[in-house]
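Participant: Listed in order, the protein sequences are those of chains A and B. At position 17 of the first sequence the residue is numbered 17 (the numbering used here), and the sequence of numbers has no breaks. At position 112 of the second sequence the residue is numbered 112 (the numbering used here), and the sequence of numbers has no breaks. Every residue gets a Cβ at the ideal spot worked out from N, C-alpha and C, and that includes glycine. Here the structure is a predicted model, which means the values were calculated and not measured. Below you'll find the structure I mean.
2 protein chains.
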Amino acid sequence: MLTDVNDILKKNQLSVTDSRKSILDLFIHSNGALAHADIEKQTGEKFDRVTVYRTLQVFMEKGIIHTIPTSDNSIRYALCKDDCTGGHHHDNHVHFICKICGLTSCLDSVTVPEVRLPVGFRPLEKQMIVTGICEGCQ
Amino acid sequence: MLTDVNDILKKNQLSVTDSRKSILDLFIHSNGALAHADIEKQTGEKFDRVTVYRTLQVFMEKGIIHTIPTSDNSIRYALCKDDCTGGHHHDNHVHFICKICGLTSCLDSVTVPEVRLPVGFRPLEKQMIVTGICEGCQ
DNA sequence: ATGCTAATGCAACGAAGTTGCAAAAATGTG
DNA sequence: CACATTTTTGCAACTTCGTTGCATTAGCAT
Ligand SMILES: [Mn+2]
Ligand SMILES: [Mn+2]
Ligand SMILES: [Zn+2]
Ligand SMILES: [Zn+2]
Chain A
1 MLTDVNDILK KNQLSVTDSR KSILDLFIHS NGALAHADIE KQTGEKFDRV TVYRTLQVFM
61 EKGIIHTIPT SDNSIRYALC KDDCTGGHHH DNHVHFICKI CGLTSCLDSV TVPEVRLPVG
121 FRPLEKQMIV TGICEGCQ
Chain B
1 MLTDVNDILK KNQLSVTDSR KSILDLFIHS NGALAHADIE KQTGEKFDRV TVYRTLQVFM
61 EKGIIHTIPT SDNSIRYALC KDDCTGGHHH DNHVHFICKI CGLTSCLDSV TVPEVRLPVG
121 FRPLEKQMIV TGICEGCQ
């Protein structure tokens with residue numbers, strides 16, 4: 001897995017800019033998923049809000065990051081595995097959100113289980129979010 | 001299951017007002033889950049935005065409705081089963097979102113399956129959202 | 001019917017997200 | 001490296017969404 005931000009950006013045919021390098025670096029060295037606000041803060045408000053929005057959008061399109069929906073309507077973003085490419089994400093892992101500290105983790109080792117749906121419903125993608133208490137907050 | 005709006009409101013110790021009656025009625029006679037905007041439109045903009053927000057909030061607190069998180073950051077609301085009371089919801093069913101028409105359904109007959117989490121993660125609630133194509137859109 | 005309590009509507013505000021456009025930075029070619 | 005071309009950025013303006021305080025109105029119990 002590539003960990004050098006320059007290589008990742010080039011591999012995805014993106015020009016290498018300060019904002020993209022900083023934000024991607026943030027994802028790589030971050031423990032859990034990041035909300036938009038986290039990114040603004042953790043980059044020291046060095047970049048415009050709009051730039052952060054556009055960077056996240058471009059990373060999404062290239063399959064570099066994926067979103068995690070939360071019940072409080074605040075989307076978190078996390079790195080994809082290597083095999084996610086533009087448009088098609090293959091992250092079928094469970095997500096965990098800690099009720100205490102808010103840490104949002106990709107449980108890469110836990111795959112979303114299959115379910116049988118009633119007739120008439122054709123499933124395409126499935127997502128599972130578990131809330132509870134994380135290791136650090138026990 | 002109570003279907004008369006007056007009875008439901010009284011059972012939950014809520015005063016019976018026009019907005020609460022209309023909005024609750026909307027939920028009872030609606031096929032899928034409703035977004036905030038749907039409610040504003042479908043009540044003919046008869047009530048103030050703020051009233052809709054407060055009504056949904058109060059219905060949530062009383063366990064009359066529950067939320068369904070979506071990846072596009074737009075919360076949907078749907079009726080709870082009878083045994084959901086203030087603070088404690090028991091809707092552990094799968095939710096289905098149609099990619100074509102957007103219909104969001106509570107699959108009351110499909111329970112969210114169990115998963116084994118890595119050590120350190122203590123689960124409290126779990127949620128599963130399946131996206132795909134609904135009966136009407138096949 | 002009357003008084004008390006709770007809910008509503010309005011206005012104002014703040015946060016979040018989008019768009020157009022000019023300035024600045026990145027890329028590739030000689 | 002210098003240059004022209006393309007892409008990205010930052011700013012300003014704007015829209016949408018959600019929240020709060022307060023005066024008015026409606027619901028409820030006596
Ligand atoms: Mn993930
Ligand atoms: Mn439901
Ligand atoms: Zn925690
Ligand atoms: Zn459909």
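#1: Can you pull every residue whose C-beta falls closer than 6 Å to some heavy atom of ligand 4, listed in chain order?
#2: Grab me the residues of Q191/B's own chain with a C-beta within less than 7 Å of its C-beta, minus the 5 sequence neighbours each way, in chain order.
#3: Express the C-alpha separation of A33/B and G189/B in angstroms, rounding to a whole number.
#4: Roughly how many angstroms lie between the CA atoms of K62/A and N12/A, to the nearest whole one?
#5: Which residues, taken in chain order from the stretch 47-73 of chain B, show a beta carbon closer than 9 Å to some beta carbon of chain A?
#6: Along the alpha helix (DSSP H) that carries H36/A, what are the first and last residues, could you check?
#7: Using CA coordinates, which residue listed in N31/B, R122/B, V119/B is at the minimum distance from L79/B?
#8: To be precise: take each residue of the stretch 1-19 of chain B, compare its Cβ to all Cβ atoms of chain A, and keep it if any distance is under 7 Å. Which residues remain?
#9: Any idea what DSSP makes of G132/B, helix, strand or coil?
#10: Let me know the secondary structure DSSP gives T3/A once reduced to three states.
#11: Report yes if the CB atom of R116/B is closer than 8 Å to the CB atom of I133/A, and no otherwise.
#12: According to the Cβ coordinates, are S71/B and T67/A closer than 8 Å?
#13: Report the rounded CA-to-CA distance for L107/B versus V119/A, giving the unit in angstroms.
#14: To the nearest angstrom, how far is it from the Cα of H29/A to the Cα of E45/B?
#15: For a minimum of 4 consecutive residues, which ranges assigned as the alpha helix (DSSP H) are wholly contained in the stretch 44-97 of chain A?
#16: Is any heavy atom in ligand 2 found nearer than 7 Å to the beta carbon of C106/B?
#17: Given a cut-off of 8 Å, decide if H36/B and V52/B are closer than it, judged by their beta-carbon atoms.
#18: Going by DSSP, what residues sit across from R122/A in a beta bridge?
Facilitator: Reading it off the structure:
#1: In chain order, the hits are C98/B, I100/B, C101/B, L103/B, C134/B, G136/B, C137/B.
#2: What the structure shows of chain B is the stretch from 1 to 138, and residue 191/B is not part of that stretch, so it cannot be assessed.
#3: Lying before the first or after the last residue shown, residue 189/B is absent from chain B, which here runs from 1 to 138.
#4: Taking the Cα positions, K62/A is about 7 Å away from N12/A.
#5: If the cut-off is 9 Å between Cβ atoms, the stretch 47-73 of chain B has T67, I68, P69, T70, S71, D72, N73 near chain A.
#6: The continuous alpha helix (DSSP H) containing H36/A extends over residues 36-42.
#7: From the listed residues N31/B, R122/B, V119/B, the smallest Cα separation to L79/B is found for N31/B.
#8: For the stretch 1-19 of chain B, no residue has a beta-carbon sitting nearer than 7 Å to a beta-carbon of chain A.
#9: G132/B: strand per DSSP, three-state reduction.
#10: Reduced to three states, the DSSP call for T3/A is coil.
#11: Taking 8 Å as the Cβ cut-off, R116/B and I133/A do not qualify as a contacting pair.
#12: Yes, they are a contact pair.
#13: So the two alpha carbons sit approximately 11 Å from each other.
#14: Approximately 47 Å, taken between the alpha carbons.
#15: Counting only runs of 4 or more residues that sit fully inside the stretch 44-97 of chain A, the alpha helix (DSSP H) segments are 49-61, in chain order.
#16: Short note on C106/B: C-beta closer than 7 Å to some heavy atom of ligand 2.
#17: In this structure, V52/B sits near H36/B, with a CB-CB distance shorter than 8 Å.
#18: Paired residue(s): I133/B.
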